[in-house]
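Residue numbers (UniProt numbering): 1 to 267. We put the CB at the ideal spot given by N, CA and C, even for glycine.
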């Protein structure tokens, strides 16, 4: 199968997942896994679907498969902590949460799961010091992430020359936040004055992950639905990225990543 066809399948499984049709998404995911059995992104999306559908045993098998492929996948360990919590295996929750946190201390998505379920499990085992420590870290993570990303967004709006360094001067800032029905909002949306094509920016003050890829491609698909004749490009401004994200953007020529520090930004 061509690279373009594989990218198309990735977009479709994300689209059906976002539209609330997990069964159709699973059909496409299983086809992708037939083509690429060790594809981490497809496995993680499959894991999330089964977990949300209330199939913890199947989700756990997928989780273990991901760890076999990549034992340093922080998101897989964090999901394992979640799944162990549903089985009341609190010591195993704490163990999985610790592994996730040790692997990638800067992975906000994985850390949020690990700290939340880890702190709840610590309370269940009466390890109150650990519970308190993790609850405090979770609170700091949530607050700092929101404030820092909002600051980054504001700075880019006030200082448009920073974006012009990336895109050139033939672009127009369209909207600070572009509402897409019940979806979350796009961080920054630009439009080419010459071609009318769209450029979406997703801002992260932490490393980009598979969830980041899912967000930006979901927004790209939504814009494409509204403006089908226009090209849509996605750029993730983040503090680096993990292995799964890199594998995904290597397969999709319409998505790229840049370290926001290259624009002279610090948070």
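Measure the CB-CB distance between residue i and residue j and report whether it falls below 9 angstroms.
{"i": "residue 186", "j": "residue 219", "result": "yes"}
{"i": "residue 230", "j": "residue 198", "result": "yes"}
{"i": "residue 242", "j": "residue 209", "result": "yes"}
{"i": "residue 211", "j": "residue 109", "result": "yes"}
{"i": "residue 77", "j": "residue 59", "result": "no"}
{"i": "residue 43", "j": "residue 65", "result": "yes"}
{"i": "residue 48", "j": "residue 88", "result": "no"}
{"i": "residue 238", "j": "residue 203", "result": "yes"}
{"i": "residue 214", "j": "residue 75", "result": "no"}
{"i": "residue 73", "j": "residue 225", "result": "no"}
My assumption, with CB atoms under 8 angstroms, is that residue i sits in contact with residue j. Please give the rounded CB distance.
{"i": "residue 236", "j": "residue 223", "result": "At roughly 16 angstroms, the Cβ-Cβ gap does not stay under 8 angstroms, so residue 236 and residue 223 are not in contact."}
{"i": "residue 63", "j": "residue 32", "result": "At roughly 18 angstroms, the Cβ-Cβ gap does not stay under 8 angstroms, so residue 63 and residue 32 are not in contact."}
{"i": "residue 152", "j": "residue 115", "result": "With 8 angstroms as the limit, residue 152 and residue 115 do not qualify as a contact, their Cβ atoms being about 23 angstroms apart."}
{"i": "residue 156", "j": "residue 189", "result": "Residue 156 to residue 189, Cβ: 12 angstroms. No contact."}
{"i": "residue 141", "j": "residue 112", "result": "6 angstroms"}
{"i": "residue 102", "j": "residue 206", "result": "Contact doesn't hold; Cβ gap of about 16 angstroms is too wide."}
{"i": "residue 122", "j": "residue 163", "result": "Actually they are not in contact, since the Cβ atoms of residue 122 and residue 163 sit about 44 angstroms apart, beyond 8 angstroms."}
Have a look at the options and flag the residue whose alpha-carbon is nearest the alpha-carbon of residue i.
{"i": "residue 160", "options": "45, 29, 265", "result": "265"}
{"i": "residue 255", "options": "262, 228, 221, 261", "result": "221"}
{"i": "residue 253", "options": "234, 201, 260, 239", "result": "234"}
{"i": "residue 51", "options": "36, 81, 69, 27", "result": "81"}
{"i": "residue 158", "options": "167, 173, 168, 169", "result": "173"}
{"i": "residue 120", "options": "71, 134, 57", "result": "134"}
{"i": "residue 91", "options": "112, 61, 127", "result": "127"}
{"i": "residue 69", "options": "41, 49, 261, 85", "result": "41"}
{"i": "residue 261", "options": "232, 240, 102", "result": "240"}
{"i": "residue 232", "options": "250, 204, 213, 191", "result": "191"}
{"i": "residue 56", "options": "244, 162, 73, 86", "result": "86"}
{"i": "residue 288", "options": "167, 30, 117, 228", "result": "Any question about residue 288 goes unanswered here, given that the chain covers just 1 to 267."}
{"i": "residue 136", "options": "149, 125, 118, 150", "result": "118"}
{"i": "residue 250", "options": "71, 132, 39, 170", "result": "39"}
{"i": "residue 71", "options": "248, 100, 37, 61", "result": "100"}
{"i": "residue 53", "options": "34, 26, 36, 67", "result": "26"}
Report the partner residues of residue i according to the DSSP bridge assignment.
{"i": "residue 235", "result": "201, 256"}
{"i": "residue 172", "result": "191"}
{"i": "residue 241", "result": "208"}
{"i": "residue 40", "result": "The partner list for residue 40 (beta bridge, DSSP) is empty, contrary to what the question assumes."}
With a cut-off of 9 angstroms, does the C-beta of residue i fall near any C-beta of chain D?
{"i": "residue 224", "result": "This model lacks chain D altogether, as it is built from one protein chain only."}
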